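The numbering of the sequence shown is our numbering, which starts it at 1 and goes up by one. Beta carbons: idealized from backbone N, C-alpha and C, even for Gly. All values reported here derive from a predicted model rather than from experimental measurement. Structure first, commentary second.
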Amino acid sequence: STSDSNPTNGFCSVEYDGELSSSSGRILIKQGTVVNAHHMEVADVYIEDGIIVSVRPNIAVGDDVKVIDAAGKYVMPGGIDPHAHLEMDFMGSVTIDDFYTGQAAALAGGTTMHIDFVNPSNGTLSAGFASYKVKAEKSVMDYGFHMVITKWDDAISEEMELMVKENGINSFKFFMAYKGSVMINDELLLQGLEKCKSLGALAMVHAENGDGVVVGQRRMIDLGITGPEGHALSRPPVLEGEATARAIRLASFVNTPLYVVHVMSIDAMEEIAKARQSGQRVIGEPVVSGLTLDESRLWNSDFTTAAKYVMSPPIRKAGHDIALQNALAAGILQLVGTDHCTFNSTQKLLGYGDFRKIPNGVNGIEERMHLIWDTMVESGKITASDYVRITSTECAKIFNIYPRKGAILEGSDADVIVLNPNASFRISAISHHSRSDTNVYEGRTGKGKVEVTISGGRVVWEDENLKVTAGSGKYIKMPPFGYLFNGIDQADARYLASLNAPVLR
Ligand code: URP
Ligand code: ZN
Ligand code: ZN
Ligand code: ZN
Numbered sequence: 001s002t003s004d005s006n007p008t009n010g011f012c013s014v015e016y017d018g019e020l021s022s023s024s025g026r027i028l029i030k031q032g033t034v035v036n037a038h039h040m041e042v043a044d045v046y047i048e049d050g051i052i053v054s055v056r057p058n059i060a061v062g063d064d065v066k067v068i069d070a071a072g073k074y075v076m077p078g079g080i081d082p083h084a085h086l087e088m089d090f091m092g093s094v095t096i097d098d099f100y101t102g103q104a105a106a107l108a109g110g111t112t113m114h115i116d117f118v119n120p121s122n123g124t125l126s127a128g129f130a131s132y133k134v135k136a137e138k139s140v141m142d143y144g145f146h147m148v149i150t151k152w153d154d155a156i157s158e159e160m161e162l163m164v165k166e167n168g169i170n171s172f173k174f175f176m177a178y179k180g181s182v183m184i185n186d187e188l189l190l191q192g193l194e195k196c197k198s199l200g201a202l203a204m205v206h207a208e209n210g211d212g213v214v215v216g217q218r219r220m221i222d223l224g225i226t227g228p229e230g231h232a233l234s235r236p237p238v239l240e241g242e243a244t245a246r247a248i249r250l251a252s253f254v255n256t257p258l259y260v261v262h263v264m265s266i267d268a269m270e271e272i273a274k275a276r277q278s279g280q281r282v283i284g285e286p287v288v289s290g291l292t293l294d295e296s297r298l299w300n301s302d303f304t305t306a307a308k309y310v311m312s313p314p315i316r317k318a319g320h321d322i323a324l325q326n327a328l329a330a331g332i333l334q335l336v337g338t339d340h341c342t343f344n345s346t347q348k349l350l351g352y353g354d355f356r357k358i359p360n361g362v363n364g365i366e367e368r369m370h371l372i373w374d375t376m377v378e379s380g381k382i383t384a385s386d387y388v389r390i391t392s393t394e395c396a397k398i399f400n401i402y403p404r405k406g407a408i409l410e411g412s413d414a415d416v417i418v419l420n421p422n423a424s425f426r427i428s429a430i431s432h433h434s435r436s437d438t439n440v441y442e443g444r445t446g447k448g449k450v451e452v453t454i455s456g457g458r459v460v461w462e463d464e465n466l467k468v469t470a471g472s473g474k475y476i477k478m479p480p481f482g483y484l485f486n487g488i489d490q491a492d493a494r495y496l497a498s499l500n501a502p503v504l505r
């Protein structure tokens with residue numbers, strides 16, 4: 001009944017009507033503990049036509065309203081994944097999850113919105129945007145876009161303005177690695193940072209020293225190390241620390257906010273900590289893989305098992321994961337992404353005999369909410385409110401769509417989950433909803449289970465059943481000049497004033 005090719009991935013339970021509970025569009029979630037980033041209280045949540053209408057104790061409703069009993073459970077804003085790559089053309093392959101299967105998987109795991117990265121097509125941003133709009137037509141949940149910048153000229157600069165002013169994009173990503181394909185140099189990064197600043201758009205960086213990576217790869221190949229472990233050995237934390245520091249300093253020089261995607265190492269995290277301590281606006285995004293896995297898996301003698309863990313920057317030695325968790329708990333890092341960029345085992349085989357050709361990327365869009373609950377809340381490192389902040393609210397604030405998203409408030413979009421802290425989850429490629437035939441979290445179990453997902457006011461996940469409707473997801477335009485731009489003007493004014501200060505002799 002569906003377009004998925006893997007008969008064991010749970011899609012057989014998908015129905016297409018989207019009616020039943022939503023024919024009236026009225027839902028009451030009763031007696032749950034409503035968790036926002038700012039507050040927690042036992043209350044009912046009443047939803048009508050895709051919007052949260054009321055949040056207070058003891059709401060009375062008629063018989064035509066679907067009632068969900070949430071006593072003893074947490075009612076929270078659906079997760080927002082700031083970082084995913086659905087149906088992306090990359091390293092000679094296309095990621096296996098598209099806007100249908102990837103988003104369906106997300107909903108089954110309690111994520112109700114994601115922000116994907118649009119790559120330019122034929123050298124233009126407009127063509128790239130148009131092609132992603134088509135890819136996203138089958139969306140089953142709301143989504144937004146970041147745009148990747150890979151070259152520089154007047155046309156690109158003009159198009160950036162168009163993307164921000166007409167197309168709802170407020171962030172641009174620059175790759176400091178992947179030499180020979182999407183990598184940019186410092187000159188382009190500086191031009192990009194200045195343009196971003198003028199548009200009120202957030203600059204994002206993939207921070208690894210791409211020249212260093214090529215040298216490191218050559219070193220491994222010369223030593224005869226061609227397997228997946230060569231991936232980790234060729235691009236150590238020092239290259240990530242260097243590029244993170246460089247991007248931070250260039251952003252400071254331009255005086256514009258910076259967002260560092262997939263922070264994987266202590267080295268990069270410490271650069272972010274230092275910059276934030278000095279007052280600079282730097283956001284650090286760890287991803288689930290970096291928070292919960294370590295590099296030992298890349299040494300597995302079975303190629304398929306090891307290759308599924310290949311992503312960039314690499315998953316690091318044990319110890320980096322814990323340090324990143326602690327930095328997240330301490331507020332040094334602000335929100336969690338997945339970098340969901342899934343290739344199945346036949347696609348990963350492209351790099352058999354040469355780790356440089358293994359398509360980079362791991363899954364996570366379905367697993368993020370569960371693994372972060374178990375790793376961070378169940379473990380006692382953070383509170384449920386902090387969990388909402390790092391999985392949803394902070395993302396909505398950074399990308400300027402709060403409180404429409406990221407909150408359980410009257411007037412917010414009805415993207416809501418019910419999590420049972422006493423139930424358990426178990427992750428496996430047999431039962432997941434991704435189209436991939438592998439899962440980097442295979443066999444993991446933990447506490448805390450998303451039992452209900454409501455997306456746009458419709459119950460899409462309940463009793464382990466997914467009920468999604470292709471085309472029901474909306475494109476969420478994200479306006480420029482989010483909160484990270486507050487104060488930038490004043491700092492610029494101070495700088496200009498200092499230039500005119502009398503010179504003392
Ligand atoms: O390995 C990764 N991270 N693949 C996705 C592309 C990127 O660098 O974000
Ligand atoms: Zn099926
Ligand atoms: Zn990246
Ligand atoms: Zn990515």
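DSSP places Q31 within a strand segment (E or B) once states are collapsed to three. Cβ neighbours of G353 within its own chain (closer than 8 Å, five residues either side excluded): T226. The alpha-carbon of M113 is positioned some 19 Å away from that of S289. For V254, the closest alpha carbon among the candidates A491, E270, F343, M183 is that of A491. From the listed residues V182, G50, T304, A84, the smallest Cα separation to D116 is found for A84.
The closest heavy atom of ligand 3 lies less than 6 Å from the beta carbon of H206.
Following the DSSP letters along the chain, one finds S181 in no alpha helix (DSSP H), marked with neither H nor E.
Leaving aside the five residues that flank I96 on each side, the residues in its chain whose CB is nearer than 8 Å to its CB run, in chain order, T342, F343, N344, Q347, S434, R435, S436. Taking 6 Å as the cut-off, the C-beta of D339 counts as close to a heavy atom of ligand 4. Straight-line measurement puts the Cα of S121 at about 32 Å from the Cα of I221. Distance between A201 and W299, taken at the CA atoms: about 40 Å. Counting of Cβ neighbours within 10 angstroms places S379 among the exposed residues, the total staying below 16. For E242, the three-state secondary structure derived from DSSP is helix. With respect to N170, M478 sits close: the two C-beta atoms are nearer than 7 Å.
Taking the Cα positions, Y441 is about 28 Å away from I398. In the DSSP assignment, A318 forms no beta bridge with any residue.
Judged by DSSP secondary structure, L125 falls within the alpha helix (DSSP H) whose first and last residues are 125-135. Under the three-state reduction of DSSP, L335 is assigned to coil, being neither helix nor strand.
Around the beta-carbon of N360, 16 or more other beta-carbon atoms lie within 10 Å, marking it buried.
With distances taken between CA atoms, Y100 lies nearest to V468 out of V468, G406, V459, F485.
Under DSSP, G284 shares a beta bridge with V260. At least one heavy atom of ligand 1 is found less than 6 Å from the C-beta of G361. Contact between the region 247-262 and the region 276-284 is established, with three or more Cβ pairs separated by less than 8 Å.
For Y74, the uninterrupted beta strand (DSSP E) segment begins and ends at 74-77. T469 is bridged by DSSP to nothing; it lacks a bridge partner.
In the DSSP assignment, N167 falls within the alpha helix (DSSP H) that extends over 154-167. DSSP links L202 through a beta bridge to S171. In chain order, T445, G446, K447, K449 place their CB closer than 7 Å to the CB of S424, counting only its own chain and leaving out the 5 sequence neighbours on each side. Judged by beta-carbon spacing, V164 lies beyond the 7 Å limit of F175, meaning their Cβ atoms are not closer than that value.
By the Cβ test, the region 74-88 is in contact with the region 384-400, since at least three Cβ pairs between them sit closer than 8 Å. Where H231 is concerned, the enclosing alpha helix (DSSP H) starts and stops at 229-234. By the criterion of a C-beta distance shorter than 7 Å, Q325 is surrounded in its chain by L291, T375, M376, K381, once the five residues flanking it on both sides are discounted.
Beta-bridge pairing by DSSP links G446 to F425. Annotated three-state conformation of T111 is strand, per DSSP. Between the C-alpha atoms of G110 and N422 there is a straight-line separation of about 16 Å. Put simply, the region 313-330 touches the region 226-240. At least three CB pairs are less than 8 Å apart.
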